[in-house]
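Enquirer: The opening position of the sequence shown corresponds to residue 78 in the numbering used here, with each subsequent residue numbered one higher.
All C-beta atoms, glycine included, are put in the ideal place defined by N, C-alpha and C.
Below you will find the structure I want to go over with you.
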Amino acid sequence: MTIIAVIALLMLLLAMANRHDVRLFLDPFRPSETGAAYLEVNLAMIVFAAFILGLVFGSVVMWFMQSDHRREARRLSRQLPS
């Protein structure tokens, strides 16, 4: 939990230092052409979104990787005498 608090503090400092809007192009093959789809968003919002997506993706991957351990723990808990 402490690591997440430190990362959150660093991200808050990053957000305070980078308050300018940037263009986020949605079409990677035509990033600078006229009419290309883009969003103007705060740079900190992009960083926050990447951080949250990383947390969610990492959590899902770890949950699937630990399924064997959970299955074994369930099997062993059923074998314990009541």
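Is it the case that the segment 81–97 contacts the segment 109–116, given that we only count it when at least three CB pairs across the two stretches are under 8 Å?
Expert: no
Enquirer: Thinking leucine 91 and alanine 121 are a contact (beta carbons under 8 Å), I'd like their distance in whole angstroms, please.
Expert: For the purposes of this step, residue 91 is taken as residue 14 along the sequence shown, with counting starting at 1. For the purposes of this step, residue 121 is taken as residue 44 along the sequence shown, with counting starting at 1. Confirmed, about 6 Å.
Enquirer: What residues match up with phenylalanine 102 in a beta bridge as DSSP calls it?
Expert: Indexing the sequence shown from 1 puts residue 102 at position 25. Tyr115.
Enquirer: Of all the options Ala126, Ile123, Leu101, which has the alpha carbon lying nearest to the alpha carbon of alanine 114?
Expert: Counted from its first residue, the sequence shown places residue 114 at position 37. For alanine 114, the nearest C-alpha among the options comes from Leu101.
Enquirer: Assuming contact is defined by CB atoms lying nearer than 8 Å, are valine 124 and valine 99 in contact in what I supplied?
Expert: Indexing the sequence shown from 1 puts residue 124 at position 47. Indexing the sequence shown from 1 puts residue 99 at position 22. The answer is no: Cβ separation not under 8 Å.
Enquirer: Once you ignore the five residues that flank phenylalanine 128 on each side, which residues in its own chain have a CB closer than 7 Å to its CB?
Expert: Numbered from its first residue, the sequence shown carries residue 128 at position 51. Met88, listed in sequence order.
Enquirer: Taking the alpha-carbon positions, what's the arginine 96 to leucine 153 distance?
Expert: The residue given as residue 96 occupies position 19 in the sequence shown. The residue given as residue 153 occupies position 76 in the sequence shown. Each residue's Cα considered, the two are about 53 Å apart.
Enquirer: Measuring alpha carbon to alpha carbon, tell me which of Leu116, Ala94, Leu130 ends up nearest leucine 103.
Expert: Within the sequence shown, numbered from 1, the residue matching residue 103 stands at position 26. When each option's Cα is compared against that of leucine 103, the closest is Leu116.
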